[in-house]
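A quick write-up on the structure given underneath.
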Amino acid sequence: AAKTGYIRSVSVSEGASLDEWPADAWAWGDSMVVVLQLATTSLESIPTGTKYRKWPMRAHLTLRDRAGLVVASSPAFDGMYSGLYAKGDMRVAFSNNPFAAIGRDRVYFGSGQDFSLFNLSVRFDSAREIRWSALQEPVSPAEVGALRAERAAQVGTQLPPERLQRMLDMEFTPELMPPTRPAIGRVLVDADERVWVECFEPARLGTATQQPGRVWHVLASDGRPIARFTLPARTRLEAIRGRAMVMQRDTVDVETVAWYAVVTP
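Count along the sequence shown from 1, then add 16; that gives the number in our numbering.
So, in structure tokens, the structure goes:
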């Protein structure tokens, strides 16, 4: 059996600059590392008469060698955003989630705002885009209302009614809602280079436990749709490597890891 244990570390701190903040990283090939990095944008004052506005971030990928030196970089794309108000900023339920996914000879990435996946070749230059505009949809008032009710139930006993109302009005203000619902939550690539795309699930504010996306679309490497499936509730797809590994949570949040066979369509 192969030996396991610590191998090496790669520094990607960039001096902890807010223009190069590493958010995630993936091993690629024998010795390379792909790093998702986030950058803040200029912080402007809130215009007079406006209570809230979006504060977006920018993202890009860097390809690094075993010493952590940047070999190549991707084009910049939209990162997530927070809600800016007079006293600071806050998390936003319907912010898009930038993503990256690593295959054998390409890297997929995107903002997650619409159903678009860009990919980089093994040389880390742009190859092509996969786009599925039919999956774009408006933010549903019913979904916003359900999230608001869920948040109210979470903290309703801790706050007076007036303060609770103000908090909910702030967190779910229309000024911080996107014009259309973000399309993509995460992306995975399986051993056969099929692309598994998780449909976006809004963030649960005020809690570290998030609802996983239940609907997944499977695409061939050329972008052709192959399958669509829905996971059971409270089940998060973690990896696809011959079999599907999922994390399941029961009603008291006890987690269980399970493996399932993947049947090729």
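Just so you know, even glycine gets a beta-carbon here, dropped at the ideal spot from N, CA and C.
Just so you know, these numbers come straight off a predicted model, no measurement behind them.
DSSP, read as helix, strand or coil, puts arginine 122 in coil. Rounded to the nearest whole angstrom, the C-alpha separation of valine 234 and isoleucine 256 is 11 Å. Under the three-state reduction of DSSP output, alanine 199 falls in the coil class, being neither helix nor strand.
Just so you know, the alpha carbons of isoleucine 23 and glycine 45 end up roughly 15 Å apart.
Under a 10 Å Cβ-count criterion, glutamate 214 is classified as buried, with 16 or more other Cβ atoms of the shown protein chains found around its own Cβ.
The Cβ-Cβ distance between tyrosine 276 and leucine 192 does not fall below 8 Å.
Residue burial annotation: glutamine 174 is exposed, with fewer than 16 other C-beta atoms found within 10 angstroms of its C-beta.
Sixteen is the threshold: when 16 or more other Cβ atoms of the shown chains lie within 10 Å of the Cβ of alanine 199, as they do, the residue is buried. Nearest in C-alpha terms to serine 111, of all of Met73, Gln181, Asp185 and Asp121, is Met73.
Residue pairing by DSSP places arginine 230 opposite no residue, since no beta bridge is assigned to it. Distance between threonine 251 and glutamine 264, taken at the CA atoms: about 4 Å. Put simply, the backbone Cα of tryptophan 148 is about 10 Å away from that of arginine 240.
In this structure, asparagine 135 places its C-beta atom within 8 Å of the C-beta atom of arginine 122. The C-beta distance from leucine 77 to alanine 116 rounds to 6 Å, short enough to fall under 8 Å. For methionine 193, no alpha helix (DSSP H) run applies, since DSSP gives it neither H nor E. In summary, glycine 119 is buried, with 16 or more beta-carbon neighbours lying within 10 Å of its beta-carbon over all protein chains present.
Here leucine 100 carries a strand assignment [DSSP, helix/strand/coil].
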